[in-house]
Amino acid sequence: MSTMVPDQRGRYGRFGGKYVPETAMYALEELEQSLDEAMADEQFMANYHEELKKYSGRPTPITHAENLSKRLGGAQIYLKREDLNHTGAHKLNNAIGQALLAVRMGKEKIVAETGAGQHGVAAATVAARFGLECKVFMGKEDIRRQELNVFRMKLLGAEVVPVSSGSKTLKDATNEAIRYWVANVEDTFYLIGSVVGPHPYPKMVRDFQRVIGDESREQMEDLPNKVIACVGGGSNAMGMFYPFLQDDVQLVGVEAAGKGIHTGEHAATLSEGRLGVIHGSITYLLQNETGQIQEPHSISAGLDYPGIGPEHAYLSETGRVTYTGITDMEALDALKVLSEEEGIIPAIESAHALSEAIKQAPDMAKDETILVCLSGRGDKDVHTIMEHLGGEVDE
Amino acid sequence: MSTMVPDQRGRYGRFGGKYVPETAMYALEELEQSLDEAMADEQFMANYHEELKKYSGRPTPITHAENLSKRLGGAQIYLKREDLNHTGAHKLNNAIGQALLAVRMGKEKIVAETGAGQHGVAAATVAARFGLECKVFMGKEDIRRQELNVFRMKLLGAEVVPVSSGSKTLKDATNEAIRYWVANVEDTFYLIGSVVGPHPYPKMVRDFQRVIGDESREQMEDLPNKVIACVGGGSNAMGMFYPFLQDDVQLVGVEAAGKGIHTGEHAATLSEGRLGVIHGSITYLLQNETGQIQEPHSISAGLDYPGIGPEHAYLSETGRVTYTGITDMEALDALKVLSEEEGIIPAIESAHALSEAIKQAPDMAKDETILVCLSGRGDKDVHTIMEHLGGEVDE
Amino acid sequence: MNKRFEKHVDGRSDLFIPFIVAGDPTEEATIKLALMLQEEGANAIELGIPYSDPLADGPVIQRASIRALEHGMSLEKAMNIVPKMRERGLEIPVIVFTYYNLLLQLGEERFFALVRENNIDGLLVPDLPFEESEEWRESCKMNDTALISLVAPTTSDKRLTAIAKEATGFLYCVSSLGVTGTRTDFHSSVFEFIDRVKSLSPIPVAVGFGVSAPEQVAKLKEYCDGVIVGSAIVRQIEAQVDGLTNEETQVEAIDHIRSYIRDLISPYEKLKINT
Amino acid sequence: MNKRFEKHVDGRSDLFIPFIVAGDPTEEATIKLALMLQEEGANAIELGIPYSDPLADGPVIQRASIRALEHGMSLEKAMNIVPKMRERGLEIPVIVFTYYNLLLQLGEERFFALVRENNIDGLLVPDLPFEESEEWRESCKMNDTALISLVAPTTSDKRLTAIAKEATGFLYCVSSLGVTGTRTDFHSSVFEFIDRVKSLSPIPVAVGFGVSAPEQVAKLKEYCDGVIVGSAIVRQIEAQVDGLTNEETQVEAIDHIRSYIRDLISPYEKLKINT
Ligand SMILES: Cc1ncc(COP(=O)(O)O)c(C=O)c1O
Ligand SMILES: Cc1ncc(COP(=O)(O)O)c(C=O)c1O
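Chains as they are written, first to last, in UniProt numbering: chain U, 1 to 395; chain H, 1 to 395; chain S, 1 to 275; chain E, 1 to 275.
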């Protein structure tokens, strides 16, 4: 575990790299160099941390879920409250970092992809804050489903560009964002929302998200026994895991098992995907036999991605991190339990991590601890939850 | 300004008091005594501050609205970010305090009133967190308009009780909550959401909200020149103003002028109301000539209250605080400006305070400062904003 | 002391004090109802002033308030009805039952001017507790007006003593927590409470909130000096709203309510004191 | 070196390299189109493999991919069409244009087995940049297969030198940033860029991305050795989809496209090299 990843070529073992058209290579080279300079610049990092603190409200606290722990009768569950970030999820940590970098590079515009709209809102937010123009690519299908986030982005001054290619969802929005970026690389910065894409994106996003884990290490009195996070592209999980990699701490990533792994309708990339290339990076992905990328399914829009960050593929292969799957229904149950026990409505994404903690806690001792990354708040999901739990919650 | 208010009878000058049926007097006496004991109990206060920190995410930061200030060309505008509290508004500060007090008093149930649902959600949240049963009274008309908050409350395990008396809105929900409380005072705590109601409620809520102002004083390098907050019942404003009362700081409370003071459709209690009794307290209120209470109007459900906390009436009369009015349209404009300039979508309530700051800043020097209480986030209002700004924001 | 209270209330132990809302459903109906109630043995009338936010009242009286407000009833108008009742033979005391905000808006001076002009005998303000009422107690005294005080099962002994000491007219004993409305049964501890009040009160003690059946009246008779009946009567009025509004059916509607009353207070074996 | 490249591409300066999507709209149409293109002077054919996520392609080719995928086209099936083209007279080199993921899934070994079996001459992987392609360069060499490299206006001199040094077949010069698609005009700096590439390249340099008008071809003729035409042709095919699908109208549809091509590359004054 002591070798540094990624290597010079942006490889995490056999994963990662830069599988992009020649037209994009210059932009990646430029980004790589600027990123290295910025990360070594104390003033830049101070700015970044200042914005995290005074704009996004960091550090986010760790809440002891006492009622829930008592109810489960095993390990003590602690929640890292990324839901308390400005705009409601961990996504802003990364968006702030990349936007500051864009400004440092002299770019005037940012472009971003979004599925449910959470990263799009984060991108639109930092664009407003740092005086950048912002275009957000979003599948037509997602625009229809996420009306409110679309309006939030517009209110923040961003242009939401409907994508009608392919399946009209996140992966196609990402394709379009990359296409647009490549054609406008002179003045445009591509702000990716997770630890995916070509090098140096997975590394950059990890480094802007590691504040989650760094803070957690400082806030926990002792190291937790387990740390659990959900994995869509994998940014909240990487940010949380990274500072714990060298420690004696079990790390668990939770993918969306959708309607169940065996139904084929899921987003369990690591357990069901095969090695391939998606959005410029070699990693696991959901695809058919001939290599056409498949649409994943998850009740949570944020986990509904056919690929996974290359570093996760690597950590899975080395065995350092264990990856499991939680179904739509298990996640909804966990969401309900946390709401009732602790007064916290988690994002459905985060409820996947929580559900895994709920499974594992009873088998652990009362003085052991599980730290769960509560990556976002559930307000954005209330419509979805209503559709699924409506009858149960209403008396 | 050096006399302590309220006095022993719960009076702020000629305002306040306890105008409640005899059946409620015992409950108020019990509350008063328990509150005094609790506030003097270090352990209780430590608990309260611990929950604020580790559960709600306090301290909330102060954000310098640099772009906005530059655009206005006058005073520097700073935002106290109560929108970053768990559940999205300052309401939780008070709900945590009262719920802890309920537990300390051995009550098993809480009852609350709510208009838009923000205080209802806060009450349901603390009920879940502290293991209390929760009933939230809400006007039938409001239930219809605020479907999502109703569902959030239910998800948190609260019972939402529809109120069909009177105008079926906040004031009637408050009446019903009081009626229910009085009938069930043995095991039930009434958790009021603002600095209104009979003594000791206005004082208690102020004391649980003063953390806003206390933190602000500590966080600002120098005292601000002006502090501005919106006033519905007046809890965020009281919490913000109280610690500054003895300082050389201009304090401005902003009421909702709705469609304009002269249209009669507003919630500008102090400028248009007359002295009277509402919900157990003597204060200003909107009423017709014979004393029947009138329905106010504001685009923001949280300011849509026909009364005002008695301490505000007092501070207005003594001249210590200036009160102004901002119309629906002015508030919406301010909301749009802040969204585009700083990437922060404020609650429409908070946008009233912001709008006043936007009016006043240009006439001030560049080295002067205005501190605005950003009492809540605007996510809850996106539907309302869509209805009103829809055409403007959409291209 | 107020003469009508002296004659009709003081020293009695079979008090029947009905409550009706002024203007529910019309001014004329209110007058006719008051007269009928006197005929059936009422010792005083509580004349409720309709209010937008009647905090102490249950749904029945809330609805009556709305009916009355729809026709523009107000505190002043209600007080002006009383002379018309007197003209038509009402002799028992009339107690104005009003929320404090209405009083505040009318103003103390104007209120007592109307009290004097209109021969009003008492005042009951449900949301003006003892602690806030000193000034009004003084003015009432100066105007020969009883200020009716309430005590509740949760009222502490200390407050009970203070309230009883200052009480005038009769002492209104609230039978249970919560708001007005009919209840099928009383909690057994209520009777201990009434005993306690009785022992402290120099004036008659009447029990209200929830009185709606002859059995209750019979039981209460053993413990106190009378009953206050509000929601039960108002509910009867509600059932007869159409009849009461229409001149031709008014008598019949009133008689319906009359027979309900007659049955309700039958344990008192009242003599009709007027015809 | 690959014989077909030697014969039809090497040393020429009037290269016309059309791009079509395998299976768009049918296998038979693809064969007929390839033959027609050869007749009109094509020096090589880029046979595009349809892909769900064609990152380097614009909307025209995306739509063609969808059409082909709907009929179940795949990398292996596409490669298996080539012998049928050869049987019917195709002599020019065929370059398989495929995204890297499809190659990865088929596997290197299987891919080259198919290359050998099916007489395939070249490979172009738009998302396999120079840095990631070493291994594939080796294998292509061993299989007499040209691995077509791309250079773009933003490619640094250092990379350009390295790429040009290793390039085989021809060097694909991307005329502008962004994705494939027709453009009405080129940025003037493009010509400086092409000059730079020409001066570094030991093999023919062809320009692609956006070539869609005879005027462009005429202009480019002065700077480089040929043009690659993709979206412009695919758009013609799209307009004739119905005609191409129906056996009776196929010839007519092909002739429509033929006359477009003839006009487009008229500046080259090509001789028909077959038929
Ligand atoms: C709240 C929340 N959690 C998790 C995710 C998944 O992303 P990642 O795996 O990059 O953390 C998202 C994505 O939108 C999200 O909104
Ligand atoms: C965000 C926000 N601000 C302000 C208010 C007004 O209440 P108060 O005047 O008590 O602060 C509300 C009430 O719901 C609110 O939700």
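Glycine included, every Cβ here is placed at the ideal spot set by N, Cα and C.
In the structure shown, the three-state DSSP call for M138(U) is strand. Taken from the Cβ of A256(U), every heavy atom of ligand 1 lies 7 Å or farther away. Straight through space, the alpha carbons of V195(H) and E29(H) are spaced by roughly 18 Å.
Excluding residues up to 5 positions away in sequence, Y201 lie with their Cβ nearer than 6 Å to the Cβ of I192(U) in the same chain. Taking CB atoms only, Y19(U) has a neighbour in chain E less than 8 Å away. For the stretch 223–273 of chain H, the continuous alpha helix (DSSP H) assignments of 4+ residues that do not extend past its boundaries occur at 235–241, 269–272, in sequence order. Within the same chain, R4, H8, Q38, A42, N43, A44, I45 come within 7 Å of I92(E) by CB-CB distance, once the 5 residues on both sides are set aside.
Judged by DSSP in its simplified three-state form, C224(E) adopts coil rather than helix or strand. Contacts with chain U (Cβ-Cβ distance below 9 Å) from the stretch 101–113 of chain E involve N101, L102, L103, L104, Q105, L106, listed in chain order. Under the DSSP assignment, E46(S) falls in the beta strand (DSSP E) whose first and last residues are 45–48. Counting only the Cα atoms, I81(E) lies some 7 Å from E27(E).
With respect to K91(U), V372(U) sits apart: the two C-beta atoms are not nearer than 8 Å. A distance below 6 Å between beta-carbons, with the five flanking residues on each side excluded, links L104(E) to no residue of its chain. If you compare the alpha carbons of N143(S), S65(S), L123(S) with that of I20(S), the shortest gap goes to S65(S). Proximity of the beta carbon of A95(H) to ligand 2 is not indicated: no heavy atom of the ligand is located closer than 7 Å. Selection around ligand 1 by beta-carbon proximity, strictly under 7 Å to any non-hydrogen atom, yields A89(U), H90(U), K91(U), G115(U), A116(U), Q118(U), H119(U), G193(U), S194(U), V195(U), C230(U), V231(U), G232(U), G233(U), G234(U), S235(U), N236(U), A237(U), A301(U), G302(U), L303(U), A347(U), E349(U), S350(U), S375(U), G376(U) in chain order. Secondary-structure assignment with DSSP links Y78(U) through a beta bridge to H64(U), L371(U). T161(S) is classed as exposed because its beta carbon has fewer than 16 other beta carbons within 10 Å across all chains shown.
Secondary structure at P200(H): coil, using DSSP grouped into helix, strand and coil. Taking C-alpha positions only, A167(S) is separated from A206(S) by approximately 12 Å. Taking C-beta separations shorter than 8 Å and ignoring five residues to either side along the sequence, the partners of A24(H) in its chain run I178, W181, V182, V185, P198, G280, following chain order.
Identification of residues in the stretch 38–53 of chain S having a C-beta nearer than 8 Å to some C-beta of chain H yields Y51, S52, D53, given in sequence order.
Contacts between D172(U) and chain H, judged by CB atoms closer than 9 Å, are missing: the closest CB pair is about 22 Å apart. DSSP places A95(H) within a helical segment (H, G or I) once states are collapsed to three. Around the CB of G89(E), fewer than 16 other CB atoms lie within 10 Å, so the residue is classed as exposed. Pairing S139(E) with T145(E), the inter-Cα distance amounts to about 8 Å.
Secondary structure at T327(H): strand, using DSSP grouped into helix, strand and coil. Around the C-beta of H71(E), fewer than 16 other C-beta atoms lie within 10 Å, and the residue is accordingly described as exposed. Looking at the backbone, the Cα of I358(H) and that of A65(H) are separated by about 11 Å. With contact defined as three or more Cβ pairs closer than 8 Å, the stretch 54–70 of chain U and the stretch 92–105 of chain H are not in contact. In the structure shown, S149(E) falls within a strand segment according to DSSP collapsed to helix, strand and coil. As computed with DSSP, Q287(H) is found in a beta bridge with I293(H).
Taking a contact as a CB-CB distance under 8 Å, the pair E215(H) and A152(S) does not count as one, their CB atoms being some 42 Å apart. Neighbours of R81(H) in chain U, taken as residues at a C-beta separation under 9 Å, are given in chain order as K54, Y55, G57, H86.
Contact annotation, A128(H) with S339(U): C-beta distance approximately 7 Å; criterion of less than 8 Å satisfied.
Membership of E40(S) in any beta strand (DSSP E) is not indicated, and neither H nor E is assigned to it by DSSP.
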